[in-house]
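A.B. asks: Here's a structure for you.
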Amino acid sequence: MGSVKTLDIDNWRKKHAYSEEQLSLAKIVLEEVKSGRRLDRALRSHPDAEGGLLAKHILIAEYKLLVESGEWQEDEELLKRIRMKPVRTLSGVTTVTVLTKEYPCPGRCIFCPTENYMPKSYLADEPGAARAFQNKFDPFNQVHSRILEYEAVGHPTDKIELLILGGTWSSYRRDYQKWFVQRCFDAMNVPAQGEAAMTGEPEPVGAPTPAEKIDLAPLRSRHMANESATHRNVGLVIETRPDEITPEELVWLRKLGVTKVQMGAQSLDDRVLELNLRGHDSAQTLKATALLRAAGFKIVLHWMPNLLGATLDSDRADFKRLWNDGYAPDEIKIYPTQLLESAALYKVWQKGEYTPYTTEELIQLIADLKETIPQYCRVNRVIRDIPSTHVVEGNKRTSLRQDVMLELHKRGKTCQCVRCREVRTSKVDVTSLHLDDLVYTPAYAEEHFLSYVTPEDQIAGYLRLSLPDTQAPKLPMADLDNAALVREVHVYGQSLAVGQEQAGAAQHIGLGTALLKKASEIARSKGYSKLAVIAAIGTRKYYESRGFERGELYLVKDLTKEL
Ligand code: SF4
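As structure tokens, this is what we get:
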């Protein structure tokens, strides 16, 4: 492995800073603004893959590309309009993505790419990876520089969801994990001018420090400081494998402050899992989702069509298992297998034993799947953001989501997922909302997806209430004894600075409070004595002001006390 300095980072950024999907979205927004539409409206009509607003620097980059290529004339007025008006995040929360250090994941999955200097499965020119590399994977500098970038383009940064990516989180040494999270919190806790990076980084791999020797006191003090920090943490996400999820691991994740776990399910067909050398079976995925649910985590599953051994028909059948066989993820990322030279699958393809789907096949397949997504699930992605130059054969379009939406439109169908039903406007008439209670039964739980819905059938806010059944896995966390769980409260509206009011903005009409009240009523009526919420560090005070008390790892409300 060579030195990281051998990469020309400037050239790399210039070429690959933005994905084709981002640039094509930027062009659509620019065209609309050019023809007189307001910038904020155009941006809201074309959210990015994460559901947020496209950053202004992407608009400016696309504008420059269009001018440099001669396709567009210079337009000073347009440039001025893009640069003005601060824009806000659509979902009310700003996502900051950070990557862990390079690390050869113990998995051997044949579709997974490997690149020097990157954590397993990430390519250096994927969005987010360049920033991580530039910052030498230092968590403080990654978070800090991202916050500064957001502030520079007018995004509020008071509520941060931290998304930690990189191979398999659970297989990094725990002292490295703790250090990594601690440094992320340092960056959220300091004011904008920042501070120097901390030294004393533990090795990410090698002989692990025994858990009992890891001093969690410094992390706890950062957590406490974050409760009233400038940039409060409202969600902490890690990604790992199903076979890493154990009761003990979940206790550790709670100690770190994790609230959401992304897991690669990839397929629920054991034959396909084996052919692709996943190293776990579907039963382990089901067990992991049940454990995560019992501990109140939000569950994101990655699912991959077109794996070795799958067909269009077997993929359709496999997708149904997600909803019918007890997995029922809260969010899903559909990642069609992409044939990459650095993955073992490439050799299988060279021998003629693997065929990637065509773009048209994929569009038809995903459109079929999208029609069937239950209303409680959010589809975060329908393709991974890998620059198409890496794809050897098969689909190279990164704008697949728009293609699929177009296909659905042609069919006269819609997708009912959470993302497709989120309110798109900042104004919500609270008197027009009605409360919907969608009940479903994944393995070992009864779930209530409580949502406030507009007359146009858009979701203004929702809460995920989990009622574990008698067979649910038992976890060594006293907070959860005879507890119903609030796994997520999400109220839409433009993100506002703390304490700032905006008439009609969904976050400020008490929807969260009303949803919690309803959840308490349901849990009490079903015989639970407690309601435990998996509160992110920066939301603890919010729950405390709504009758919850601090437990050891959750915020807990005693349901026996209330009238
Ligand atoms: S577990 Fe994930 S990161 Fe590891 S090899 Fe498999 S796909 Fe890649």
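Note that the numbering used here has the sequence shown beginning at 1253, numbered continuously upward. Glycine is no exception: its CB is placed at the ideal position from the N, C-alpha and C atoms. Keep in mind that this is a model prediction, so the values were computed, not measured.
For Y1587, I'd like the list of residues in its chain whose CB is within less than 6 Å of its CB, leaving aside the five on either flank, ordered along the chain.
C.D. replies: Excluding residues within five positions, the ones whose Cβ falls inside 6 Å are H1554, M1556 and R1636.
A.B. asks: Alpha carbon to alpha carbon, how far is K1550 from V1433? Give it in angstroms, no decimals.
C.D. replies: Cα to Cα, V1433 sits roughly 19 Å from K1550.
A.B. asks: Contact defined as beta carbons within less than 8 Å: I believe Q1627 pairs with L1719. What is the distance between those atoms, to the nearest angstrom?
C.D. replies: Not really, about 18 Å apart at Cβ, beyond 8 Å.
A.B. asks: Thinking C-beta only, is I1334 closer than 8 Å to Y1355?
C.D. replies: No, these two residues do not count as a Cβ contact at 8 Å.
A.B. asks: Go ahead and pull the three-state DSSP assignment for Y1795.
C.D. replies: Note: Y1795 maps to helix in three-state DSSP.
A.B. asks: Check each candidate in M1476, L1592 and E1623 and name the one with the smallest Cα separation from P1608.
C.D. replies: With distances taken between Cα atoms, P1608 lies closest to L1592.
A.B. asks: Could you work out which residue in P1581, E1796, K1279 and L1737 is closest to K1539 when comparing CA atoms only?
C.D. replies: Of the candidates P1581, E1796, K1279 and L1737, the one whose C-alpha sits nearest the C-alpha of K1539 is P1581.
A.B. asks: Excluding the five sequence neighbours on either side, which residues of its own chain have a C-beta within less than 8 Å of the C-beta of I1789, listed in chain order?
C.D. replies: Result list for I1789: F1437, H1475, N1478, E1479, R1484, N1485, L1488 and G1509, in chain order.
A.B. asks: Given N1387, which residues of its chain have a CB within under 7 Å of its CB, disregarding the five upstream and five downstream residues?
C.D. replies: Result list for N1387: N1393, Q1394 and S1397, in chain order.
A.B. asks: Mapping the DSSP letters down to three states, classify D1567 as helix, strand or coil.
C.D. replies: DSSP places D1567 in helix when its eight states are reduced to three.
A.B. asks: Kindly indicate which three-state DSSP category K1585 falls into: helix, strand or coil?
C.D. replies: Three-state DSSP puts K1585 in a strand.
A.B. asks: For a minimum of 3 consecutive residues, which ranges assigned as the beta strand (DSSP E) are wholly contained in the region 1707-1738?
C.D. replies: With a minimum length of 3 residues, the continuous beta strand (DSSP E) runs that stay inside the region 1707-1738 are 1711-1720.
A.B. asks: I'd like to know whether the C-beta atoms of G1803 and D1721 end up nearer to each other than 8 Å.
C.D. replies: No, Cβ-Cβ distance for G1803 and D1721 is not below 8 Å.
A.B. asks: Between which residues of its own chain and I1625 is the CB-CB distance below 7 Å, once the five residues before and five after are set aside?
C.D. replies: Cβ within range, chain order: V1631, C1667, Q1668 and C1669.
A.B. asks: Under a criterion of Cβ closer than 6 Å to any non-hydrogen atom of the ligand SF4, which residues qualify, in chain order?
C.D. replies: Taking each Cβ in turn, the ones that pass are C1357, G1359, C1361, C1364, K1372, S1373, G1419, T1420, R1493 and G1516.
A.B. asks: Take S1544 and list the residues in its own chain whose beta-carbon comes closer than 6 Å to its own, dropping the five residues that flank it on each side.
C.D. replies: Checking the displayed sequence, the identity of residue 1544 turns out to be Leu instead of Ser. V1513 and I1551.
A.B. asks: If you run the structure through DSSP and keep just helix, strand and coil, what is H1686?
C.D. replies: Strand, per DSSP.
A.B. asks: Pick out whichever of S1373, Y1369, T1347 and V1348 has its Cα sitting closest to the Cα of P1358.
C.D. replies: For P1358, the nearest C-alpha among the options comes from S1373.
A.B. asks: Is it right to say T1498 is buried, meaning 16 or more other beta carbons lie within 10 angstroms of its own, or is it exposed?
C.D. replies: Its Cβ having fewer than 16 others within 10 Å, T1498 is exposed.
A.B. asks: In angstroms with no decimal places, state the Cα-to-Cα distance between G1516 and R1573.
C.D. replies: Rounded to the nearest angstrom, the two C-alpha atoms are 15 Å apart.
A.B. asks: Taking buried to mean at least 16 other C-beta atoms within 10 Å of its own C-beta, is G1418 buried or exposed?
C.D. replies: By the 10 Å Cβ count, G1418 comes out buried.
A.B. asks: Would you say E1659 and Q1616 are within 8 Å of each other, going by their C-beta atoms?
C.D. replies: Yes, they are a contact pair.
A.B. asks: I1362 by DSSP, collapsed to three states: which one?
C.D. replies: Three-state result, I1362: coil.
A.B. asks: Classify Q1590: buried if its beta carbon has 16 or more other beta carbons within 10 angstroms, exposed otherwise.
C.D. replies: When all chains shown are included, Q1590 counts as buried.
A.B. asks: Output yes or no for whether 8 Å exceeds the beta carbon distance between L1305 and A1278.
C.D. replies: In this structure, A1278 does not lie closer than 8 Å to L1305 by Cβ.
A.B. asks: For the alpha helix (DSSP H) that contains D1427, what are its first and last residues?
C.D. replies: R1426 to N1441 is the extent of the alpha helix (DSSP H) around D1427.
A.B. asks: Roughly how many angstroms separate the alpha carbons of T1537 and P1694, rounded to a whole number?
C.D. replies: One C-alpha to the other measures close to 13 Å.
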